[in-house]
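Novice: Take this structure first; my questions come after.
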Amino acid sequence: MSKERVQIIIRVMPDEKETIQQLAKEENKSMNQFIVDRVLSEFEEKEEAAQEEDSNTKTEETEESEASDSMSTSGPVFALLRDQIHAKDKQINKLQVLIDQQQQLSLSDKKENERLRLNIEELESEDVEEEEINEESYTTEEDADTKSAENSVEEAPIKDNKSSKRWWKLWE
0 MSKERVQIII RVMPDEKETI QQLAKEENKS MNQFIVDRVL SEFEEKEEAA
50 QEEDSNTKTE ETEESEASDS MSTSGPVFAL LRDQIHAKDK QINKLQVLID
100 QQQQLSLSDK KENERLRLNI EELESEDVEE EEINEESYTT EEDADTKSAE
150 NSVEEAPIKD NKSSKRWWKL WE
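In terms of my numbering, the sequence shown is numbered consecutively and its last residue is 171.
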């Protein structure tokens with residue numbers, strides 16, 4: 000048998016706790032040891048009674064009824080443990096519901112973030128397109144101005160002047 004101990008938590012009413020404390024104190028034991036001794040002694044008593052009945056009667060029917068008696072769960076300790084298990088089951092179900100809700104919230108947050116990211120990308124691409132259109136219209140206006148300037152008669156002498164200035168720069 001393993002020497003490792005495990006913990007069992009039981010819930011009792013305050014007056015029941017005081018009674019258990021008092022009984023444990025009378026036997027000079029801790030509450031924990033008192034409860035363990037009582038539960039195990041009750042089990043051992045039932046087991047001994049079953050063995051005595053086995054030795055007295057050896058029919059199969061008696062043996063089956065004794066086995067069921069030794070495994071009886073009608074005692075107050077077992078009723079208390081059953082209630083605790085039922086309470087734990089309820090707590091587990093509530094926790095599962097909370098976990099499911101948390102997962103649903105997380106998924107909705109992810110979807111919302113993705114939707115917002117796509118909206119931002121869409122707006123950024125629209126801004127880039129508007130800037131490109133503005134640049135194209137600006138360059139188109141400059142090209143139009145340049146072409147009209149080249150075609151104008153007033154610009155011809157200035158061009159000659161510019162070319163002559165270039166020649167003098169080479170001379171210097």
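For glycine and all other residues, C-beta sits at the position ideal for the given N, C-alpha and C. It should be emphasised that the depicted structure is a prediction, and the values quoted were computed from it without experimental measurement.
Roughly how many angstroms lie between the CA atoms of residue 13 and residue 111, to the nearest whole one?
Specialist: Residue 13 and residue 111: Cα-Cα distance of roughly 51 Å.
Novice: Could you check whether the segment 7 to 23 touches the segment 77 to 92, counting it as contact only if at least three pairs of C-beta atoms, one from each stretch, sit closer than 8 Å?
Specialist: Because the criterion of three Cβ pairs below 8 Å is met, the segment 7 to 23 and the segment 77 to 92 touch.
Novice: Helix, strand or coil for residue 110, going by three-state DSSP, please let me know.
Specialist: Correct three-state label for residue 110: helix.
Novice: Do the CB positions of residue 19 and residue 42 come within less than 9 Å of each other?
Specialist: The answer is no: Cβ separation not under 9 Å.
Novice: So, helix, strand or coil for residue 152, using DSSP?
Specialist: At residue 152 the pLDDT is 45, less than 50, meaning the model places this residue with poor confidence and gives no usable figure here.
Novice: In whole angstroms, what is the alpha-carbon distance linking residue 50 and residue 37?
Specialist: Looking at the two C-alpha atoms, the distance is approximately 20 Å.
Novice: Which residues in the same chain have their Cβ closer than 6 Å to the Cβ of residue 23, if we skip the five residues on either side of it in sequence?
Specialist: For residue 23, where only same-chain residues beyond five positions count, the Cβ hits under 6 Å are 30 and 33.
Novice: Rounding to the nearest angstrom, what Cα-Cα distance links residue 47 and residue 2 in this structure?
Specialist: Approximately 25 Å, taken between the alpha carbons.
Novice: Which residue from 53, 5 and 130 puts its Cα closest to that of residue 35?
Specialist: The option with the nearest alpha carbon to residue 35 is 5.
Novice: Where residue 103 and residue 85 are concerned, what is the direct C-alpha to C-alpha distance, given to the nearest angstrom?
Specialist: Approximately 27 Å, taken between the alpha carbons.
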